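Here is the structure we will look at.
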Amino acid sequence: IPVITPFRKLMLCAENRKEMEDWISALKSVQKWETYEASQFNMEHFSGMHNWYACSHARPTFCNVCREALPGVTSHGLSCEVCKFKAHKRCAVRSTNNCKWTTLASIGNEIIEDEDGVSMPHQWLEGNLPVSAKCMVCDRNCGSVRRLQDWRCLWCKAIVHNSCKEHMGKICPLGQCKVSIIPPTALNSIDSDGFWKATSPSCSSPLLVLVNSKSGDNQGVKFLRKFRQLLNPAQVFDIMNGGPQLGLRLFQKFETFRILVCGGDGSVGWVLSELDKLGLHKQCQLGVLPLGTGNDLARVLGWGGLCDDDAQLLQILEKLERATTKMLDRWSVMTYEVATKNTPVIMTQYADSVASHLTKILDSDKHSDVISSAKFLCGTVNDFVSEVGKAYERAAENREEADAMAKKVNLCKMLSVCVRV
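Structure (structure tokens):
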């Protein structure tokens, strides 16, 4: 992590992205003179602050702070992973907190109010346009390799000349991803627990994106960046930094919404478990963007076995909007122990059988009945002796029980001999 101040530069290293996010949040809270707790919900993508990472560029690129070219043949510098704001390392500390809007409050005075309610304007970023950029108004080439020139909307991706900008409509149409985007105007209040409350925009199907940044050998990080560029950063969450429940809580008041899980089968199972806990499975539909290995569920649902090209995300979002739904059976395996009954049922049956046959032998006057009962009595006693012998083997570890069992066995054998006689 590059920490840049007007006087020095410090490089901090972290073992994983979660630790890196904690460092970033702590440093930002120091800059704002706030107290930071690592366990609290990380609200950094609601703050309007840029999320810097060091990168190089294949063509001349200019700093959005001082407007000068980035140094070196590869134009090495810092770029915001959400809005692509460019800066020298020395200029980053002086940049304004004007990253991509997330809430109504972040739009500020630029909000458009009319008789239809509140609408969102374009959010323009100057310069550093792609080579093939065309003006939405006059259809002529835009941008320059010599200076910061012309404008790009962070939401609808419209590109215009400086002179054509005033001819563009005031209200932003949100572009190709309009159906999936939660506009910042929909996040306009905070509940009693400090979480943002979202109102579902009309004529849309809000999409919650849950990315496992560690999936695919940490390839999830580049998908996290790309989704935040295409959608509202507030609707894209890294489940390795707080789990899926943070995003689900933001969406739980919507009547219907969609979820896109970017990860393997384990990530999907984690999200489904949280949906069960919150009771949201009846109001949401879930799609899978397979990352890494072990993507059997994604294959079954028709999403393929692996997606490793973040340049295809716009097409994937369009496919997701047109996708059909399938019911998925999900089983819970429950284990429990049943208390064993200690009632000697078998021994009671033996006792009843012996008593019945002895009664016949003593009371009957018929010789055939006496012989028949004696045979049955012998069989019953032999079976009883066999069961006692098995119990004796199990009790061999306890010396006292073994001695008592031996006496019982000897007694039963004597009884068996008497019956035979």
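Residue numbers (the working numbering): 70 to 490.
Where is the CB? At the ideal position from N, CA and C, for every residue including glycine.
As the structure is a computational prediction, the values presented were derived from the model and not from experiment.
Discussion item. Only counting the same chain, and skipping five residues up and downstream in sequence, which positions put a Cβ closer than 6 angstroms to that of Asn-111?
Written reply: The sequence position of residue 111 within the sequence shown is 42, counting from 1. Reliability of the predicted coordinates at Asn-111 is poor, the pLDDT of 46 falling under 50, and the value obtained from them is presented with this limitation in mind. Hits under 6 angstroms: Ser-94.
Discussion item. What does the alpha-carbon distance come out to for the pair Ser-108 and Lys-346?
Written reply: Start at 1 with the first residue of the sequence shown, and residue 108 comes out as number 39. Start at 1 with the first residue of the sequence shown, and residue 346 comes out as number 277. Note on Ser-108: pLDDT 37, under 50, position unreliable in the model; the coordinate value appears next. Cα to Cα, the separation comes out at about 21 angstroms.
Discussion item. Below 8 angstroms, how does it come out for the segment 301 to 312 and the segment 274 to 287: are there three or more Cβ pairs, yes or no?
Written reply: yes
Item to complete: Compare the C-alpha of Lys-266 against each of Gln-304, Pro-242, His-145 and name the closest.
Response: Locating residue 266 in the sequence shown gives position 197, where the first residue counts as 1. Looking at the Cα atoms, Gln-304 is the closest of the given residues.
Item to complete: Could you give the DSSP three-state label for Trp-102: helix, strand or coil?
Response: Here residue 102 is taken as the residue at index 33 of the sequence shown, counted from 1. Residue placement at Trp-102 is flagged as unreliable, the pLDDT there being 47, under the threshold of 50; the coordinate-derived value follows with that caveat. Of the three classes helix, strand and coil, the one that applies to Trp-102 here is coil, per DSSP.
Fill in: Collapsed DSSP secondary structure at Asn-451 in the structure displayed
Residue mapping note: residue 451 aligns to position 382 of the sequence shown, counting from 1. Looking at Asn-451 - three-state DSSP - the assignment turns out to be helix.
Practice prompt. Note down, in chain order, each residue of its chain lying with its Cβ closer than 6 angstroms to the Cβ of Ser-433, except the 5 sequence neighbours on either side.
Written response: The residue given as residue 433 occupies position 364 in the sequence shown. Cβ neighbours of Ser-433 beyond the five flanking positions: Val-439.
Worksheet item: In chain order, what residues of the same chain have a beta carbon less than 6 angstroms from the beta carbon of Ser-336, not counting five sequence neighbours either side?
Response: Residue numbering aside, residue 336 sits at position 267 when the sequence shown is read from its first letter. Asn-281, Val-330.
Discussion item. Using a Cβ-Cβ cutoff of less than 6 angstroms, which residues in the same chain neighbour Leu-375 once the five nearest sequence positions on both sides are dropped?
Written reply: Taking the first residue of the sequence shown as position 1, residue 375 is located at position 306. Excluding residues within five positions, the ones whose Cβ falls inside 6 angstroms are Pro-359.
Practice prompt. Apply the 10 Å Cβ neighbour rule to Glu-90 and answer buried if 16 or more other Cβ atoms are within range, or exposed otherwise.
Written response: Against the sequence shown, residue 90 aligns to sequence position 21. Per the 10 Å Cβ criterion, buried.
Worksheet item: In whole angstroms, what separates the C-alpha of Lys-158 from that of Asn-133?
Response: Here residue 158 is taken as the residue at index 89 of the sequence shown, counted from 1. Here residue 133 is taken as the residue at index 64 of the sequence shown, counted from 1. Using only the alpha carbons, I get a separation of about 12 angstroms.
Discussion item. On the CB-based measure, 16 or more other CB atoms within 10 Å of its CB, does Asn-85 come out buried or exposed?
Written reply: As a position in the sequence shown, residue 85 is number 16, starting the count at 1. It counts as exposed.
Worksheet item: So Glu-182 is in the beta strand (DSSP E); what residue range does that whole segment cover?
Response: Residue mapping note: residue 182 aligns to position 113 of the sequence shown, counting from 1. Its beta strand (DSSP E) spans residues 181 to 183.
Item to complete: Could you have a look at Phe-292 and say whether DSSP puts it in helix, strand or coil?
Response: Working through the sequence shown from its first residue, we reach residue 292 at position 223. Helix, per DSSP.
Worksheet item: According to DSSP, is Gly-196 helix, strand or coil?
Response: Residue 196 sits at position 127 when you count from the first residue of the sequence shown. Coil.
Fill in: Where the alpha helix (DSSP H) through Asn-287 begins and ends
The sequence position of residue 287 within the sequence shown is 218, counting from 1. Its alpha helix (DSSP H) spans residues 284 to 287.
Worksheet item: Is the beta carbon of Glu-302 sitting closer than 9 angstroms to the one on Lys-395?
Response: Position 233 of the sequence shown, counted from the start, is the residue given in the question as residue 302. Position 326 of the sequence shown, counted from the start, is the residue given in the question as residue 395. The sequence given here has Pro at residue 302, not Glu. Result no, Cβ atoms of Pro-302 and Lys-395 do not sit closer than 9 angstroms.
Fill in: Outcome for Thr-412 when other beta-carbon atoms lying within 10 angstroms are tallied against a minimum of 16
The residue you call residue 412 lines up with position 343 of the sequence shown. Low confidence applies to Thr-412: its pLDDT is 49, below 50, so where it sits in the model is not reliable enough to give any reading.
Worksheet item: In or out: Gly-238 buried (at least 16 other Cβ within 10 Å) or exposed?
Response: The residue you call residue 238 lines up with position 169 of the sequence shown. Gly-238 is exposed by the Cβ-count criterion.
Worksheet entry | Exposure of Glu-106, with buried meaning 16 or more beta-carbon neighbours within 10 Å | If you number the sequence shown from 1, residue 106 lands on position 37. Confidence at Glu-106 is low in this model, with a pLDDT of 43, below 50, so its placement is unreliable and the value that follows should be read with caution. Label assigned to Glu-106: exposed.
Worksheet entry | Segment limits, alpha helix (DSSP H) that includes Gly-373 | Taking the first residue of the sequence shown as position 1, residue 373 is located at position 304. Counting along the chain, Gly-373 falls outside any alpha helix (DSSP H), and DSSP gives it neither H nor E.
Worksheet item: Out of Glu-150, Ser-422, Met-189, which has the shortest C-alpha to C-alpha gap to Gly-244?
Response: The residue labelled residue 244 in the question sits at position 175 within the sequence shown. Ranking Glu-150, Ser-422, Met-189 by Cα distance to Gly-244 puts Met-189 first.
Fill in: Among Phe-292, Lys-435, Leu-300, the one whose alpha carbon lies nearest that of Pro-253
Numbered from its first residue, the sequence shown carries residue 253 at position 184. Minimum Cα distance to Pro-253 is reached at Leu-300.
Worksheet item: What distance in whole Å lies between the Cβ atoms of Leu-276 and Arg-327, which are believed to be in contact at a cut-off of 8 angstroms?
Response: What you label residue 327 is simply residue 258 of the sequence shown in a count that begins at 1. What you label residue 276 is simply residue 207 of the sequence shown in a count that begins at 1. With 8 angstroms as the limit, Arg-327 and Leu-276 qualify as a contact, their Cβ atoms being about 5 angstroms apart.
Discussion item. If I follow the unbroken alpha helix (DSSP H) through Asp-345, where does it start and stop?
Written reply: Reading the sequence shown from its first residue, position 276 is the one you call residue 345. Residues 334 to 347.
Discussion item. List, from N- to C-terminal side, the beta strand (DSSP E) runs of 3 residues or more that fit wholly inside the segment 122 to 167.
Written reply: 146 to 149
Practice prompt. Check each candidate in Asp-208, Gln-298, Arg-294, Lys-203 and name the one with the smallest Cα separation from Ile-250.
Written response: Along the sequence shown, read from residue 1 onward, the residue named residue 250 stands at position 181. Checked all of Asp-208, Gln-298, Arg-294, Lys-203; the closest Cα to Ile-250 is Gln-298.
Fill in: DSSP three-state assignment for Arg-391, whether helix, strand or coil
Translated into the one-based positions of the sequence shown, residue 391 becomes position 322. Residue state, collapsed to three classes: helix.
Discussion item. My output table needs one value for Met-89: the three-state DSSP class, helix, strand or coil.
Written reply: Here the question's residue 89 lines up with position 20 in the sequence shown. Helix, per DSSP.
Item to complete: To the nearest angstrom, report how far apart Pro-129 and Ala-138 are at their CA atoms.
Response: The residue labelled residue 129 in the question sits at position 60 within the sequence shown. The residue labelled residue 138 in the question sits at position 69 within the sequence shown. One C-alpha to the other measures close to 7 angstroms.
Worksheet item: So the beta strand (DSSP E) Leu-355 belongs to, where does it begin and stop?
Response: On the sequence shown, position 286 is the one that residue 355 refers to. Residues 353 to 359.
Practice prompt. For the segment 191 to 199 and the segment 210 to 222, state whether three or more C-beta atom pairs, one from each stretch, are separated by less than 8 angstroms.
Written response: yes
Worksheet item: What is the residue span of the alpha helix (DSSP H) that Gly-316 lies within?
Response: Position 247 of the sequence shown, counting from 1, holds the residue named residue 316. Unbroken alpha helix (DSSP H) run through Gly-316: 314 to 320.
Fill in: Cut-off 6 angstroms between Cβ atoms - residues of its own chain near Lys-226, not counting five sequence neighbours on either side
By 1-based counting over the sequence shown, the position of residue 226 is 157. Within the same chain, Lys-226 has close Cβ partners Gly-244.
Worksheet item: In whole angstroms, what is the alpha-carbon distance linking Ser-496 and Thr-449?
Response: Nothing about residue 496 can be read from this structure; the chain reaches only from 70 to 490.
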